[in-house]
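Single-structure report; data block below.
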DNA sequence: GCTTGCCGAAACTGTCGGTTCCGTCAAGTG
DNA sequence: CACTTGACGGAACCGACAGTTTCGGCAAGC
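Protein chains in written order, with our numbering: chain A, 1 to 199; chain L, 1001 to 1199.
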């Protein structure tokens, strides 16, 4: 092996040829999300996405390895609105506002969650991607709660994981089973019940 | 319309011809449940079920309208072990034993729940059947909790629906997302946390 | 023996996820 | 300018699957 391979492990060739059209990416993700939100949203095919995006299926598979990957990226794209954690007031109000913001954001992309779940139940790759997404989301809430414990607003023996299971469990339960909306009222009620019981 | 039609709205013809073989029904439901529990359980086909049961696909579709119906019936068959509610002790112990029994029963048919969920996300008929099943299960717990309110063991303003959402939400969350087992320890911990916080 | 109806075998339809081939066109290089 | 690289559309194609249909045989009752 020549030494310059080690010096340049990935060939930094400056890229020639036609460039990727960014409009294609946007159109595919947008069409996927829109179709999922429409009627028959739970049975959206790649052909339908390609047709709605005005793109050939061949192009989609050039940039995404599977249908699940498209749905996951569409979800990540729409859900990364940063639901920033204020952490200004007390733990009770912080958690409350976090849940309100989360439920509101999730509710707007609920069809994407359902579609990705349907895919995750058939494709282990999609399942893994979804689990990573969920875990990342969970990390934000965990930080909030551990901070609450450190501040003495929650007793140190509080089972934070159980609390998060109750929160996200209820969220998915509404999304997948009952199909009832994740209202602000529900978020407030849940947050108050959990914090009051633990403190 | 002759009056005897109203008298006998459905012809009560005594059934002639060859009778249904009950072994077929059992074999199909058993094969469906077993295949779901095996590797690749989330992508079980009707052909595979028919082959494993030693039965032709034609026969399956004679008795069940769809794949979702087969899975639903297999689940109902295996889950109707009556998880009887003792209601002997206090509410706290009753709920605790109810959750322990429920988690144990559900854990043993977890693959069926996942398979049915996958089907419910594509077939609205299957989704409706699953919702009915879930609602029936929920009714048992609701009776237990309302009885607790009547006995003064829970304050009357307790939001029982929210409490049940937290319980079944957590259950489905573990089943579908995290894939972590529903242990007896978890059931006890959840029951105590919920009852203690409400009382 | 005759009808009714259960059952298996197998071919078939339509749909879907994913792949492959071909032709075209855009962007950079000499 | 010609030439190479690589993005893109169109369309055919493959294998798997849910669900249907056809045929032929077999068991239960009349």
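Quick reminder that beta carbons are idealized off the backbone N, C-alpha and C, glycines included.
From a predicted model like this one, the values you see are computed outputs, not experimental measurements.
* For residue 1197 of chain L, which three-state DSSP category applies? -> Against the second chain, residue 1197 of chain L aligns to sequence position 197. Residue 1197 of chain L falls in the helix class under three-state DSSP.
* What do you get for residue 1063 of chain L, buried or exposed, if any count of 16 or more other CB atoms within 10 angstroms of its CB means buried? -> In the second chain, counting from the first residue as 1, residue 1063 of chain L sits at position 63. Result: exposed.
* Alpha carbon to alpha carbon, how far is residue 1097 of chain L from residue 1119 of chain L? Give it in angstroms, no decimals. => Residue 1119 of chain L sits at position 119 when you count from the first residue of the second chain. Residue 1097 of chain L sits at position 97 when you count from the first residue of the second chain. Their backbone Cα atoms lie some 31 angstroms apart in a straight line.
* Where does residue 89 of chain A land, buried or exposed, given buried means 16+ other C-beta within 10 angstroms? -> If you number the first chain from 1, residue 89 of chain A lands on position 89. With fewer than 16 Cβ atoms within 10 Å of its Cβ, residue 89 of chain A is classed as exposed.
* Asked: Taking DSSP as the reference, what is the three-state secondary structure of residue 63 of chain A?
  -> For the purposes of this step, residue 63 of chain A is taken as the residue at position 63 of the first chain. Helix at residue 63 of chain A.
* Name the chain A residues that come within less than 9 angstroms of residue 1193 of chain L, Cβ to Cβ? -> For the purposes of this step, residue 1193 of chain L is taken as residue 193 along the second chain, with counting starting at 1. Ordered by position in chain A, the residues that pass the 9 angstroms Cβ test against residue 1193 of chain L are 159, 162, 163, 166, 197 and 198.
* By Cβ distance below 6 angstroms, which residues in the same chain neighbour residue 1197 of chain L in space, the five residues on each side in sequence not counted? -> The residue you call residue 1197 of chain L lines up with position 197 of the second chain. Cβ within range, chain order: n/a, list empty.
* Asked: Quick one, are the C-beta atoms of residue 76 of chain A and residue 187 of chain A less than 8 angstroms apart?
  -> As a first step, residue 76 of chain A is located in the first chain; it is residue number 76 there, counting from the start. As a first step, residue 187 of chain A is located in the first chain; it is residue number 187 there, counting from the start. No, they are not a contact pair.
* Cutoff 8 angstroms: residue 144 of chain A Cβ touching any chain L Cβ -> Counting from 1 along the first chain, the entry for residue 144 of chain A is found at position 144. With 8 angstroms as the cut-off, residue 144 of chain A does not count as an interface residue toward chain L.
* Taking Cβ positions only, does residue 1043 of chain L come closer than 8 angstroms to chain A? -> Position 43 of the second chain, counting from 1, holds the residue named residue 1043 of chain L. For residue 1043 of chain L, the answer is yes, since a Cβ of chain A falls inside 8 angstroms of its Cβ.
* Asked: Taking the Cβ atom as the reference point for each residue, do residue 1035 of chain L and residue 1052 of chain L lie within a distance shorter than 8 angstroms?
  -> Taking the first residue of the second chain as position 1, residue 1035 of chain L is located at position 35. Taking the first residue of the second chain as position 1, residue 1052 of chain L is located at position 52. Closer than 8 angstroms, so yes.
* To do: Could you tell me the boundaries of the alpha helix (DSSP H) in which residue 1102 of chain L lies?
  => Residue mapping note: residue 1102 of chain L aligns to position 102 of the second chain, counting from 1. 1091 to 1108 is the span of the alpha helix (DSSP H), which, as asked, contains residue 1102 of chain L.
* Along the chain, where does the alpha helix (DSSP H) that runs through residue 1165 of chain L open and close? -> By 1-based counting over the second chain, the position of residue 1165 of chain L is 165. 1160 to 1173 is the span of the alpha helix (DSSP H), which, as asked, contains residue 1165 of chain L.
* Classify residue 20 of chain A as buried or exposed, calling it buried when 16 or more other Cβ atoms lie within 10 Å of its own Cβ. => If you number the first chain from 1, residue 20 of chain A lands on position 20. Exposed is the call here.
* Per-residue contacts from residue 134 of chain A into chain L (C-beta, under 9 angstroms) -> Translated into positions along the first chain, residue 134 of chain A becomes position 134. Near residue 134 of chain A (Cβ distances below 9 angstroms), the residues of chain L are 1177 and 1178.
* Asked: Which residue from A:61, A:142 and A:106 puts its Cα closest to that of residue 176 of chain A?
  -> Indexing the first chain from 1 puts residue 176 of chain A at position 176. Looking at the Cα atoms, A:106 is the closest of the given residues.
* Does the distance from the C-beta atom of residue 25 of chain A to that of residue 1042 of chain L stay below 8 angstroms? -> Here residue 25 of chain A refers to the residue found at position 25 of the first chain. Here residue 1042 of chain L refers to the residue found at position 42 of the second chain. Result no, Cβ atoms of residue 25 of chain A and residue 1042 of chain L do not sit closer than 8 angstroms.
* Please check the pair residue 1091 of chain L and residue 1038 of chain L, which I expect to be a contact at CB under 8 angstroms, by giving their CB distance rounded to whole angstroms. => Sequence index remark: in the second chain, residue 1091 of chain L carries index 91 (1-based). Sequence index remark: in the second chain, residue 1038 of chain L carries index 38 (1-based). With a Cβ gap of about 40 angstroms, residue 1091 of chain L and residue 1038 of chain L do not count as contacting.
* To the nearest angstrom, how far is it from the Cα of residue 87 of chain A to the Cα of residue 103 of chain A? -> Working through the first chain from its first residue, we reach residue 87 of chain A at position 87. Working through the first chain from its first residue, we reach residue 103 of chain A at position 103. For residue 87 of chain A and residue 103 of chain A, the distance between alpha carbons rounds to 18 angstroms.
* Asked: What does residue 122 of chain A touch in chain L if you count any residue whose Cβ is under 9 angstroms from its own?
  -> Working through the first chain from its first residue, we reach residue 122 of chain A at position 122. What residue 122 of chain A touches in chain L: 1042, 1043 and 1118.
* What's the C-alpha gap between residue 1126 of chain L and residue 60 of chain A? -> For this step, residue 1126 of chain L is matched to residue 126 along the second chain. For this step, residue 60 of chain A is matched to residue 60 along the first chain. Roughly 31 angstroms separates the two Cα atoms.
* Quick one: is residue 190 of chain A near chain L, going by C-beta distance under 8 angstroms? -> Numbered from its first residue, the first chain carries residue 190 of chain A at position 190. Cβ-Cβ to chain L under 8 angstroms: yes for residue 190 of chain A.
* To do: Measure from the C-beta of residue 1218 of chain L to each C-beta in chain A and report whether the shortest distance is under 8 angstroms.
  => Because chain L in this structure spans residues 1001 to 1199, residue 1218 of chain L falls outside the shown range and cannot be described.
* **8 angstroms Cβ cutoff met for residue 164 of chain A and residue 144 of chain A** => Within the first chain, the letter at position 164 stands for residue 164 of chain A. Within the first chain, the letter at position 144 stands for residue 144 of chain A. Their beta carbons are not under 8 angstroms apart, which means residue 164 of chain A does not touch residue 144 of chain A by this criterion.
* Kindly say whether residue 1169 of chain L, judged by its beta-carbon, lies nearer than 8 angstroms to any beta-carbon of chain A. => The residue labelled residue 1169 of chain L in the question sits at position 169 within the second chain. True, the Cβ-Cβ gap to chain A drops below 8 angstroms.
* **Beta-carbon proximity check, residue 172 of chain A vs residue 1168 of chain L, cutoff 8 angstroms** => Indexing the first chain from 1 puts residue 172 of chain A at position 172. Indexing the second chain from 1 puts residue 1168 of chain L at position 168. Going by C-beta atoms, residue 172 of chain A is not nearer than 8 angstroms to residue 1168 of chain L.
* Helix, strand or coil for residue 9 of chain A, going by three-state DSSP, please let me know. => Here residue 9 of chain A refers to the residue found at position 9 of the first chain. The pLDDT assigned to residue 9 of chain A is 43, lower than 50, so where the model puts this residue is not dependable; a value taken from the coordinates is nonetheless given after this. If DSSP states are grouped into helix, strand and coil, residue 9 of chain A belongs with coil.
* Please list, in chain order, all residues of the same chain as residue 79 of chain A whose beta carbon is under 7 angstroms from its beta carbon, the five residues on each side excluded. => Looking up residue 79 of chain A in the first chain gives position 79. 105 and 109.
* Best match in A:71, A:94 and A:56 for proximity to residue 130 of chain A [C-alpha to C-alpha] -> Walking along the first chain from the start, residue 130 of chain A turns up at place 130. Answer by Cα proximity: A:71.
* Coarse secondary structure for residue 147 of chain A, derived from DSSP in three states -> Here residue 147 of chain A refers to the residue found at position 147 of the first chain. The answer is helix: DSSP assigns residue 147 of chain A an H, G or I state.
* Using a C-beta to C-beta distance shorter than 8 angstroms, which residues of chain L count as neighbours of residue 172 of chain A? -> Residue mapping note: residue 172 of chain A aligns to position 172 of the first chain, counting from 1. By Cβ distance, chain L contributes 1169, 1172, 1173, 1176 and 1177.
* To do: Whole angstroms is fine: what's the gap from residue 155 of chain A's alpha carbon to residue 18 of chain A's?
  => Here residue 155 of chain A is taken as the residue at index 155 of the first chain, counted from 1. Here residue 18 of chain A is taken as the residue at index 18 of the first chain, counted from 1. Distance between the alpha carbons of residue 155 of chain A and residue 18 of chain A: 60 angstroms.
* To do: Taking only the alpha-carbon atoms, compute the straight-line gap between residue 153 of chain A and residue 1115 of chain L and give it to the nearest angstrom.
  => The sequence position of residue 153 of chain A within the first chain is 153, counting from 1. The sequence position of residue 1115 of chain L within the second chain is 115, counting from 1. Approximately 42 angstroms, taken between the alpha carbons.
* **Residues of its chain near residue 1095 of chain L, where Cβ-Cβ distance is below 7 angstroms and the 5 sequence neighbours each way are ignored** => Residue numbering aside, residue 1095 of chain L sits at position 95 when the second chain is read from its first letter. So the list reads 1144, 1191 and 1195, once near-sequence residues are dropped.
* Asked: Rounded to the nearest angstrom, how far is the Cβ of residue 205 of chain A from that of residue 1166 of chain L, given a contact under 8 angstroms?
  -> The question about residue 205 of chain A has no answer, for chain A in this structure spans 1 to 199.
* Backbone CA spacing between residue 68 of chain A and residue 124 of chain A [nearest angstrom] -> Within the first chain, residue 68 of chain A is the residue found at index 68, counting from 1. Within the first chain, residue 124 of chain A is the residue found at index 124, counting from 1. When rounded, the distance between both Cα atoms is 10 angstroms.
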